[in-house]
Amino acid sequence: QVQVVQSGGGLVQFGGSLRLSCAASGSIFMFNRMAWYRQEPGKQRDMVALWTGDGSTTYADSVKGRFTISGDNRKNTVALQMNNLKPEDTAVYYCRFEAPGDYWGRGTQVTVSS
């Protein structure tokens, strides 16, 4: 049974930085897609950053140049370094492991004060 554990998050001031980490244990497979999503109250969950097994990364336009995703599918871990944070980055952040399967973290709150 795969378990996903998230860490990081919290409260930070405008322009500050935070790092989120996520690890999936219990899988004998390497995940080929690892991603971070975020969700604001009353809104849909949107992808923020994606890492794929060939090492390529994709970012939402709103975070390009500020966020960096890093993954290691030998260890099934993924991290999100968030710099120059803005109040509009405030949301619950979720990690996701796919291919094979589809596993989500439980979410962690990120709050950026102005």
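Heads up, the sequence shown is in my numbering, so the first residue is 6 and it goes up one at a time. Cβ coordinates follow ideal geometry from the N, Cα and C atoms, glycine included.
Exposed or buried, Thr82, counting other C-beta atoms within 10 Å across all chains shown (16 or more means buried)? The residue in question, Thr82, is buried, as its Cβ has 16 or more Cβ neighbours within 10 Å.
Is there contact between the stretch 72-92 and the stretch 34-46, where contact requires at least three CB pairs shorter than 8 Å? yes
So who's on the other strand from Glu103, going by DSSP bridges? Paired residues: Arg38, Asp107.
Under the rule that 16 or more other beta-carbon atoms within 10 Å means buried, what is Thr63, buried or exposed? exposed
Continuous beta strand (DSSP E) stretch holding Gly13: start and end: 8-13
Shortest alpha-carbon distance to Asn89 belongs to which of Asp107, Gly47, Cys100, Gly20? Gly20
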